[in-house]
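*Asks:* For the sequence shown, the tail end lands on 214 under our numbering, and the numbers increase by one without skipping.
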Amino acid sequence: MNELISYILVVTVLTIMPGADSMIVMKNTLVYQKSAGRMTVLGILAGHFVWIVISVLGLAVIITNSPALFNIIKYMGAAYLIYIGVKSFMAKTFVSASSLDYAAGEKTKSDGLRTSYMNGFISNILNPKVLIFYITILPQFVGQDTNVSGVVQLVILALIMLVISMSWFLVVVETVNYMKRWLHKPGFQNLLGKGAGIIIILFGIRTALS
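As structure tokens, then:
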């Protein structure tokens with residue numbers, strides 16, 4: 005039980021730490037509406053699910069032990085984050101007034117939902133730190149003195165992580181959606197757009213250099 009509590013605490017801290025996933029969730033919630041933010045969260049969770057399958061099959065170890073393959077994933081992820089960050093930084097208007105008015109309703113354009121989902125999925129699946137989590141942190145909490153197999157324990161721990169991640173990111177979506185009232189101010193929009201772009205670019209650079 006103590007190991008489980010320790011694991012939950014570690015995962016919670018890692019989840020709430022600012023990262024690229026959080027910034028993309030915030031950006032898509034602002035650009036579209038909270039349904040797009042939720043789709044981004046769904047994309048992130050789908051990426052985690054892929055990594056869970058890879059870990060269970062043992063392929064994650066192979067990827068980690070292959071510097072070339074690991075670097076491909078790392079640099080592709082870094083390039084993708086920098087691309088999103090540059091787009092946000094260069095945009096003259098972070099969120100148009102018409103988009104804000106449209107976002108007040110319950111519908112969002114399907115292309116916005118698809119884009120948001122793919123943003124979350126690609127960002128997560130190309131994040132080498134997610135791979136490192138499944139290789140270095142998760143196995144530490146798999147107990148040996150138990151009748152439950154290691155694979156079952158791994159899946160349970162991964163599902164706990166998914167629940168924590170989903171809960172946190174949904175809180176982020178609701179919080180950011182509430183902040184939209186400030187986005188009618190052009191100065192705040194410009195500052196937020198460029199700030200978000202710079203932060204995402206920095207995360208991309210840090211990913212490439214790590």
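In this text, a Cβ means the ideal position worked out from N, Cα and C, and glycines have one as well.
Here the structure is a predicted model, which is why all the values come from computation and not from measurement.
1. In whole angstroms, what is the alpha-carbon distance linking residue 138 and residue 36?
2. Would you say residue 23 and residue 129 are within 8 Å of each other, going by their C-beta atoms?
3. What do you reckon, are the CB atoms on residue 45 and residue 125 nearer than 8 Å?
4. Can you say whether residue 89 is buried or exposed, counting buried as having 16 or more other CB atoms within 10 angstroms of its CB?
5. Quick check on DSSP: helix, strand or coil for residue 21?
6. Tell me which residues share the same chain as residue 15 and place their Cβ nearer than 6 Å to its Cβ, disregarding the 5 neighbours each side in the sequence.
7. With 16 other CB atoms within 10 Å as the buried threshold, where does residue 57 fall?
8. Just verifying my parser: in three-state terms, what is the DSSP assignment at residue 130?
9. Looking at residue 121: is its Cβ nearer than 8 Å to the Cβ of residue 47?
10. By a C-beta neighbour count over all protein chains shown, 10 Å radius and 16 as the cutoff for buried, is residue 183 buried or exposed?
11. Starting from residue 38, follow the alpha helix (DSSP H) in both directions and report where the run begins and ends.
12. Closest by CA to residue 210, which one among 85, 10 and 70?
13. According to the Cβ coordinates, are residue 91 and residue 212 closer than 8 Å?
14. Suppose you measure from the CA of residue 119 to the CA of residue 156; what does that come to, to the nearest Å?
15. Please identify the residue among 144, 53, 123 and 69 whose C-alpha is closest to the C-alpha of residue 12.
16. Helix or strand or just coil, what does DSSP make of residue 152?
17. Classify residue 131: buried if its beta carbon has 16 or more other beta carbons within 10 angstroms, exposed otherwise.
18. Compute the Euclidean distance between the alpha carbons of residue 177 and residue 33, then round it to the nearest angstrom.
19. Compare the C-beta of residue 69 against all C-beta atoms of chain B and say whether one is closer than 8 Å.
*Replies:* The short version:
1. 32 Å
2. no
3. no
4. buried
5. coil
6. 165 and 168
7. exposed
8. coil
9. yes
10. exposed
11. 38-61
12. 85
13. no
14. 33 Å
15. 144
16. coil
17. buried
18. 6 Å
19. In the displayed structure, chain B is absent; only one protein chain is listed.
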